[in-house]
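Here's the structure, in structure tokens; my notes come after.
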Amino acid sequence: MSELSNHESVDVLVPPFNAHVFRCPYCKNYTTLLSPHSFISFEKSECENCAREFLIENDMAQAIEHNSYAND
Numbered sequence: 005m006s007e008l009s010n011h012e013s014v015d016v017l018v019p020p021f022n023a024h025v026f027r028c029p030y031c032k033n034y035t036t037l038l039s040p041h042s043f044i045s046f047e048k049s050e051c052e053n054c055a056r057e058f059l060i061e062n063d064m065a066q067a068i069e070h071n072s073y074a075n076d
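Counting in our numbering, the sequence shown runs from 5 upward without gaps.
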């Protein structure tokens, strides 16, 4: 006999997620990021449409600048 059969049902806690919709700074299509936070202060995300990585800072999507210092 299972140990769980002697107990009442087990509630599973699922943390609430907020859907944040951003416009990709590269392809300009809308993309959605699920986050447990209501405000995103700093995070990297990937566009669902073009698969390019972008930065979210203070709930604003921004292109990531890739500077090469190898030749400096």
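Each residue gets a CB set at the ideal place from its N, CA and C atoms; glycine is no exception.
Practice problem: Quick one: using the 10 Å Cβ neighbour count with 16 as the cut-off for buried, is Arg42 buried or exposed? | Solution: A quick correction: the sequence has Ser, not Arg, at residue 42. Flag for Ser42 reads exposed.
Quiz item: Using the C-alpha atoms, what's the distance from Ile60 back to His24?
Solution: About 11 Å.
Practice problem: Taking Ser45 as the reference, give the member of Arg56, Val16, Thr35 and Met64 with the closest Cα. | Solution: Checking every option, the nearest Cα to that of Ser45 belongs to Met64.
Exercise. Please report the residue range of the beta strand (DSSP E) in which Lys48 lies.
Key: For Lys48, the uninterrupted beta strand (DSSP E) segment begins and ends at Phe46 to Glu50.
Exercise. May I ask you to report which of helix, strand or coil DSSP gives Ser42?
Key: Coil, per DSSP.
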